[in-house]
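Engineer: One structure follows; several queries about it will come next.
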Amino acid sequence: MIVAIDGPAGAGKGSVTKQVGERLGLINIDTGAMFRCVTLNILQKGINLEEENKIKEVLDKIHIDLKENGKVFLNGKDVSKQIREDEVNHMVSPVSVIPMVRKKLLELQRQMAKGKNVIMEGRDIGTVIFPNADVKIYLDATAQERARRRVKQNQENGIDCSYEEVLKSIMERDQKDATREIAPLKQAEDAIYLDSTNLSVEETADEIIKIIKTKAY
Ligand code: DC
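Residues in the sequence shown are numbered consecutively from 0, following numbering that gives the first Met the number 0.
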């Protein structure tokens, strides 16, 4: 079974997907973390985004491991914290529009889900990666609420940031993600729209589980 959860940054996809996965025994795949790993690796190697050969080399060698406990490993190293830092936040949008990056991650994402029951969160899961997913949900919330949540999450991870900065970066990223030519963020025609602005993580997870149960069982 494939459950696709798409939506903008900070809509609650991460925490909600984790909870739904745990409650229903589905493997949780955070595709944003995968784009962040590619971005971090490009930054680590000091590669310019015009250097296609070098990016190809990064993609050929990259090893991304999403652990069950939520930790993210890049080429054998725990980068869970690093991939959420500002440097990566600023670079991840331009990296995620590079066609060969999307092609590589599409292959990896389909491979990771093969023969498994998964809940996969991202931007293009219901539209591009798994157009035939059993359940598709488009999770949304206002930009202000999403910024508040991101600030809180950063604080919990020991990352310093201001609300204004986060709001600005969320709005810029939304704009870029929704207007890009390749795999833009948009609701799949057959996805169910869910607004989490006034819902807790638990309430949002309850709603999603209700939808999964009516659709897939
Ligand atoms: O969900 P997130 O904020 O961790 O995602 C980081 C970036 O990766 C986001 O700006 C858009 C990109 N992304 C994407 O293009 N496609 C996905 N399926 C997931 C993320």
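Glycine included, C-beta positions come from ideal geometry on N, C-alpha and C.
Given a cut-off of 8 Å, decide if V100 and V91 are closer than it, judged by their beta-carbon atoms.
Structural biologist: It is not a contact, given that the beta carbons lie outside the stated cut-off.
Engineer: Relative to the C-alpha of V57, which candidate in T38, D189 and A146 has its C-alpha closest?
Structural biologist: Checked all of T38, D189 and A146; the closest Cα to V57 is T38.
Engineer: Three-state secondary structure (DSSP) at N40?
Structural biologist: Note: N40 maps to helix in three-state DSSP.
Engineer: Verify the contact flag: S168, CB atom, against every heavy atom of the ligand DC, threshold strictly below 7 Å.
Structural biologist: No.
Engineer: Hey, out of V78, S195 and K115, whose CA is closest to Q143's CA?
Structural biologist: Comparing Cα positions, the closest option is S195.
Engineer: Grab the span of the beta strand (DSSP E) containing L193 for me, first residue to last.
Structural biologist: Segment I191 to D194, the beta strand (DSSP E) holding L193.
Engineer: Does DSSP put V134 in a helix, a strand or coil?
Structural biologist: V134: strand per DSSP, three-state reduction.
Engineer: Among the residues of its own chain, which have a CB less than 7 Å from the CB of I223, if the five just before and after it don't count?
Structural biologist: Residue numbering for the chain in the displayed model covers 0 to 216; residue 223 lies beyond these limits and cannot be assessed.
Engineer: Use the C-beta contact count for Q18: other C-beta atoms within 10 angstroms, 16 or more gives buried, fewer gives exposed.
Structural biologist: Classification of Q18: buried, given that the 10 Å Cβ count is 16 or more.
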